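Please read the structure below before turning to the comments.
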Amino acid sequence: MSLTKRKLILVLIFILVSASLFRVLRITLTTSYFLNLEQVPNTKNTRPDTYGNKILSEKELRFLSDIILQKSPCNLLVFGLEDQYLKLPAINEGGKTIFLEDKPEKLIDLTTDVNGSARVYRIRYKTSAKEAYKLLKHARTHSSCSLRSGVRMLTAKCKIALTGLPKEVFKTKWDVIVVDGPGGDGPESPGRMSAIYMAGVLGRAGNGTNVVVHDVDRMIEKWFSWEFLSEKNLVSSKGKFWNFKIDQKKNLVSLKQA
């Protein structure tokens with residue numbers, strides 16, 4: 260009798276173990292299937308020159324659009340050109356929209372109606388993400404990089420400054436500046452150190468400029484935003500966006516000393 264009970268127990272254990280293994284195998288196969296689906300590029304409704312097929316979430320795009328709509332028609336400057344940003348000139352109808360892009364395969368001609376203008380300029384970055392800490396230290400210790408100096412005082416002595424931008428960029432008082440370029444996704448990539456620094460300089464030359472930085476979950480974007488846009492100017496956020504409001508008069512502060 261005891262032998263029969265033992266066999267029954269062994270049979271039950273075997274059934275339970277087999278069921279557990281089958282469930283684990285099923286979950287593994289299902290997960291692998293969905294991961295493989297996510298790795299398949301979406302070729303619909305994209306331009307051939309799309310780099311990385313970067314996608315903003317619906318909430319992020321609405322967040323950015325609302326900031327622009329509050330000031331539209333306005334002067335809008337965007338570092339980086341992603342597919343979804345092609346909607347921005349229409350949102351800023353009647354205003355000026357300028358894109359600054361470093362990758363030639365992403366350069367396109369943009370035109371809007373007669374009430375406004377949108378253009379793309381190619382720019383070149385002279386830095387790499389792996390130099391971020393050295394550039395931050397340089398900016399803190401060299402007066403040529405002081406945010407007090409303003410746009411007109413920028414020189415090549417400041418290694419983080421972009422002095423080769425189109426003259427239109429320096430002459431315009433920008434209402435909204437978006438930093439979502441360059442890529443900055445690896446140590447050899449240009450990194451967004453210079454773009455965020457320039458947004459800080461140009462923003463302080465405006466009249467209550469909103470500077471919106473994307474990918475603030477990354478270290479460089481976070482550090483340089485705190486340094487050159489100031490955490491106290493952070494007024495809102497959504498997803499990977501931070502929105503800073505730069506007041507021309509009250510926030511002209513020099514960089515912190517190392």
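Offset between the sequence shown (1-based) and my numbering: plus 259. Idealized CB from N, CA, C, for every residue including glycine. Quantities reported herein were computed from a predicted structural model and do not represent experimental measurements.
C-alpha gap between residue i and residue j, whole angstroms
i: N466; j: P348; result: 21 Å
i: A377; j: T356; result: 5 Å
i: K318; j: V494; result: 17 Å
i: L413; j: A464; result: 13 Å
i: V299; j: I314; result: Caution is warranted here: a pLDDT of 30 is assigned to V299, below 50, making its placement in the model unreliable, and no coordinate value can be reported.
i: D434; j: N334; result: 5 Å
i: I350; j: S331; result: 8 Å
i: V379; j: K346; result: 14 Å
i: S408; j: T431; result: 17 Å
i: V410; j: W485; result: 20 Å
i: S403; j: D476; result: 29 Å
i: K481; j: F322; result: 19 Å
Contacting residues, own chain, Cβ-Cβ under 6 Å from residue i (five flanking each side not counted)
i: G440; result: F338 and G339
i: L336; result: I357, W433 and I436
i: F503; result: V470, L488, N492 and L493
i: F429; result: V410
Environment of residue i [buried if 16+ CB atoms lie within 10 Å]
i: G443; result: buried
i: G450; result: buried
i: E364; result: exposed
i: T263; result: exposed
i: L272; result: One detail in the question is off: residue 272 reads as Ile in this sequence, not Leu. When all chains shown are included, I272 counts as exposed.
i: I274; result: exposed
i: I455; result: buried
i: V437; result: buried
i: G354; result: buried
i: T289; result: With a pLDDT of only 36 at T289, under the threshold of 50, the placement of this residue in the model should not be trusted, and no figure is reported.
i: A458; result: buried
i: V270; result: exposed
i: A415; result: exposed
Close beta carbons around residue i, own chain, < 8 Å, minus the five adjacent residues each side
i: Q516; result: Below a pLDDT of 50, predicted positions are generally treated as unreliable, and Q516, at 37, falls in that range; the measurement from the model is reported next regardless. The residues are R399 and T400.
i: D361; result: R381, I382, R383, Y384, G440, P441 and P449
i: T302; result: Caution is warranted here: a pLDDT of 29 is assigned to T302, below 50, making its placement in the model unreliable, and the coordinate value is therefore given only provisionally. So the list is empty, once near-sequence residues are dropped.
i: D506; result: G467 and N492
Neighbourhood of residue i by C-beta, 7 Å cutoff - its chain only, sequence neighbours within 5 removed
i: L320; result: Q343
i: I268; result: none
i: M452; result: T386, A391, L394, I419, I479 and F483
i: R306; result: Bear in mind that the predicted position of R306 carries a pLDDT of just 40, short of 50, making it too unreliable to give a figure here.
Under 8 Å: do the region 462-476 and the region 415-427 share three or more Cβ pairs, one atom per stretch? no
Would the region 313-328 count as touching the region 379-394 if we require 3 or more Cβ pairs under 8 Å? no
Sequence ranges, beta strand (DSSP E) only - wholly within the region 426-493, length at least 3: 435-438 and 468-473
Contained alpha helix (DSSP H) runs [length at least 4] in the region 348-382, N- to C-terminal order: none
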